[in-house]
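*Asks:* Below you'll find the structure I mean.
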Amino acid sequence: MIKYNLKCKNQHEFESWFSDSKEFEKLNSRKMIECIFCRNRNIKKSIMSPRVVNKEQEKINKKSTKYIKKIRKDLLKMRKFVEKNFEYVGDHFPREVRKVYYDKRKNRNIYGNATPEETEDLKEEGIEVTTIPWSDKKEN
Ligand SMILES: [Zn+2]
0 MIKYNLKCKN QHEFESWFSD SKEFEKLNSR KMIECIFCRN RNIKKSIMSP
50 RVVNKEQEKI NKKSTKYIKK IRKDLLKMRK FVEKNFEYVG DHFPREVRKV
100 YYDKRKNRNI YGNATPEETE DLKEEGIEVT TIPWSDKKEN
């Protein structure tokens, strides 16, 4: 099987499979291939330029890698801020956060772990909880 990128007279591009190149030539000379968009039967093989596509892709990849690195850096900064200013309560987070919420005298900044279910429960009780994507310090 061979896949061709095809183009009709109206510049629609689409892909189609053939058993081999001969099959394509045969069908096309008999006008048996039609555009999937406009049913035009004036079909040509579209010239592919993978090098250009790859270069574009490379650019996009580089950009997103840069972007991801920046986000990771920001997350790390946020993590440091939280660690410095918040008290870590670990898995007791749902219990501790309720203490803070219901006992108005206590005004603590805490952070810790909660399962998605626990987070849902807290939200239902009207307790605002923010989930932070925790960046691993070891990574750079
Ligand atoms: Zn077409």
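Sequential numbering of the sequence shown, starting at 0, is according to numbering that gives the first Met the number 0.
Just so you know, even glycine gets a beta-carbon here, dropped at the ideal spot from N, CA and C.
Over what stretch of residues does the beta strand (DSSP E) that includes Lys43 continue unbroken?
*Replies:* In the sequence shown, residue 43 corresponds to position 44, counting from 1. Run containing Lys43: 42 to 44, per the beta strand (DSSP E) assignment.
*Asks:* Buried or exposed for Tyr3, going by 16 or more other Cβ atoms inside 10 Å?
*Replies:* As a working mapping, residue 3 is identified with position 4 in the sequence shown. It counts as buried.
*Asks:* Run the proximity test for Arg143: is its beta-carbon closer than 8 Å to any non-hydrogen atom belonging to ligand 1?
*Replies:* A question about residue 143 goes unanswered here, because the residues of the chain that appear run from 0 up to 139.
*Asks:* Shorter than 8 Å, the distance from the beta carbon of Phe36 to the closest heavy atom of ligand 1, or not?
*Replies:* For the purposes of this step, residue 36 is taken as the residue at position 37 of the sequence shown. Yes, the Cβ of Phe36 comes within 8 Å of a heavy atom of ligand 1.
*Asks:* Can you look up Ser63 in the DSSP assignment and give me helix, strand or coil?
*Replies:* Along the sequence shown, read from residue 1 onward, the residue named residue 63 stands at position 64. Note: Ser63 maps to helix in three-state DSSP.
*Asks:* Would you kindly report the start and end of the unbroken alpha helix (DSSP H) that includes Ser20?
*Replies:* What you label residue 20 is simply residue 21 of the sequence shown in a count that begins at 1. First-last of the alpha helix (DSSP H) with Ser20: 20 to 28.
*Asks:* Quick one: what does DSSP say Ile109 is sitting in, helix, strand or coil?
*Replies:* Stepping through the sequence shown from its first residue, residue 109 is reached at position 110. Correct three-state label for Ile109: strand.
*Asks:* Can you tell me whether Glu86 is helix, strand or coil according to DSSP?
*Replies:* Here residue 86 is taken as the residue at index 87 of the sequence shown, counted from 1. Strand at Glu86.
*Asks:* Report buried or exposed for Ile42, applying the criterion of at least 16 other Cβ atoms within 10 angstroms of its Cβ.
*Replies:* The residue given as residue 42 occupies position 43 in the sequence shown. With 16 or more Cβ atoms within 10 Å of its Cβ, Ile42 is classed as buried.
*Asks:* Roughly how many angstroms lie between the CA atoms of Met0 and Glu14, to the nearest whole one?
*Replies:* As a working mapping, residue 0 is identified with position 1 in the sequence shown. As a working mapping, residue 14 is identified with position 15 in the sequence shown. The alpha-carbon atoms of Met0 and Glu14 are separated by roughly 13 Å.
*Asks:* DSSP three-state call for Lys98: helix, strand or coil?
*Replies:* One-based indexing of the sequence shown puts residue 98 at position 99. Looking at Lys98 - three-state DSSP - the assignment turns out to be helix.
*Asks:* When you compare the CB positions of Ile59 and Val96, do they come within less than 9 Å of one another, or not?
*Replies:* To locate residue 59, count along the sequence shown from 1; it is residue 60. To locate residue 96, count along the sequence shown from 1; it is residue 97. No, Cβ-Cβ distance for Ile59 and Val96 is not below 9 Å.
*Asks:* With distance defined between alpha-carbon atoms, name the residue in Lys65, Tyr87, Lys62, Val81 nearest to Asn112.
*Replies:* Mapped onto the sequence shown, residue 112 falls at position 113. Answer by Cα proximity: Tyr87.
*Asks:* Quick check on DSSP: helix, strand or coil for Phe80?
*Replies:* Within the sequence shown, residue 80 is the residue found at index 81, counting from 1. Here Phe80 sits in helix by DSSP.
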